[in-house]
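At position 43 of the sequence shown (counting the first as 1) the number is 71 in our numbering, and the numbers step up by one without a gap.
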Amino acid sequence: MKWHHLSAVALIVTLNTPAVARAQFVVYTNQATFLAAVTDARVDMFTGFDMINPTPSPIVRMVAPYGYTASVNNGGDFFGAGTVANPWLSTNTATDAITFADFTGGVGAVGGNFFGSNIAGAFQSGDILITYVDAVGATSTTLIAPSTSSFFGVVSQSYAITSFTVSAVQPSESEFLWPTVDNLTLAKTTVPEPGTYALLATGLLAIGITTRRKRALARPSE
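Written as structure tokens, this is what we have:
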């Protein structure tokens, strides 16, 4: 199955999964609205991240009062995209994914800027797949159409978030896109208002489907 076909399916599954009906997660594409729905938000801007050499995975980060681990699947490394003044977290291999997990401090909401970058580490338009899991294992997957300033966030209605994964939907067999993260935001949740559950479908439907430097393009097939 080609990646662009998979991305369309992923969005359809999200809109029809039981998690939507249960409003297990509320999705936000507006940063101000997200911040109004959470408490004690903290932002990791990845200041000082190495822009020259790959960084081994996993890494342990702290944005007090929260801590987390970021890892690259398949034993891959991180790569510092963006600029020295504004570094972004990315992978050394385009087809690898970034997973944020092992949260401490009671993280019930995760947000930030999630987008694509090219082999040189500069912004590149493309589709990004987000997978988020809460403490009871409920998972929602959605497709966003991001720029470097596009915001995406999820709030778990009842449980702590256990993992949050970012991967790039590869444009074609000969073109590559690297998953990239900036301004990772962690927060606690507030008690939902009665109308909050209705926002879930609205938030998901509001997500559009659109769509520097590097590194390895793809891992060789086994």
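Beta carbons are placed, not taken as given, at the ideal position from N, Cα and C, and that holds for glycine.
As the structure is a prediction and not an experimental result, all values here were calculated from the model.
Inset, instruction - Would you decide whether GLY144 is buried or exposed? Buried here means 16 or more other CB atoms lie within 10 Å of its CB. - result: Locating residue 144 in the sequence shown gives position 116, counting from the first residue. Looking at its Cβ environment, which holds 16 or more other Cβ atoms inside 10 Å, GLY144 is buried.
Inset, instruction - Work out the CA separation of THR119 and ASP105 for me, nearest whole Å. - result: Taking the first residue of the sequence shown as 1, we reach residue 105 at position 77. Taking the first residue of the sequence shown as 1, we reach residue 119 at position 91. Approximately 6 Å, taken between the alpha carbons.
Legend entry - Local Cβ density within 10 Å of GLU221, reported as buried at 16 or more and exposed below that: Stepping through the sequence shown from its first residue, residue 221 is reached at position 193. The pLDDT assigned to GLU221 is 48, lower than 50, so where the model puts this residue is not dependable; a value taken from the coordinates is nonetheless given after this. GLU221 comes out exposed.
Legend entry - GLY103 versus PRO86 - alpha carbon distance: Taking the first residue of the sequence shown as position 1, residue 103 is located at position 75. Taking the first residue of the sequence shown as position 1, residue 86 is located at position 58. Each residue's Cα considered, the two are about 9 Å apart.
Inset, instruction - Check the Cβ-Cβ distances between ALA150 and every residue of chain B, and say whether any is below 8 Å. - result: Of the protein chains in this structure there is only one, and it is not chain B.
Inset, instruction - Measuring alpha carbon to alpha carbon, tell me which of PHE77, VAL66, LEU214 and TRP116 ends up nearest GLN152. - result: In the sequence shown, the residue the question calls residue 152 occupies position 124. When only C-alpha atoms are compared, the closest one is TRP116.
Inset, instruction - With DSSP as the reference, please indicate the residues paired to PRO84 in a beta bridge. - result: By 1-based counting over the sequence shown, the position of residue 84 is 56. Under DSSP, PRO84 shares a beta bridge with ASP105.
Legend entry - Given THR123 as reference, the closest of PRO199, LEU214, ASP210 and ALA163 once Cα atoms are compared: Within the sequence shown, the letter at position 95 stands for residue 123. With respect to the C-alpha of THR123, the residue from PRO199, LEU214, ASP210 and ALA163 having the closest C-alpha is PRO199.
Inset, instruction - With distances taken Cα to Cα, identify the nearest neighbour of GLU203 among ASN146, GLY108, LEU214 and ILE189. - result: For the purposes of this step, residue 203 is identified with residue 175 of the sequence shown, where counting begins at 1. Ranked by Cα distance from GLU203, the first of ASN146, GLY108, LEU214 and ILE189 is ASN146.
Legend entry - Test item: CB-CB of GLY149 and GLY110 under 8 Å: The residue given as residue 149 occupies position 121 in the sequence shown. The residue given as residue 110 occupies position 82 in the sequence shown. Contact flag set, yes.
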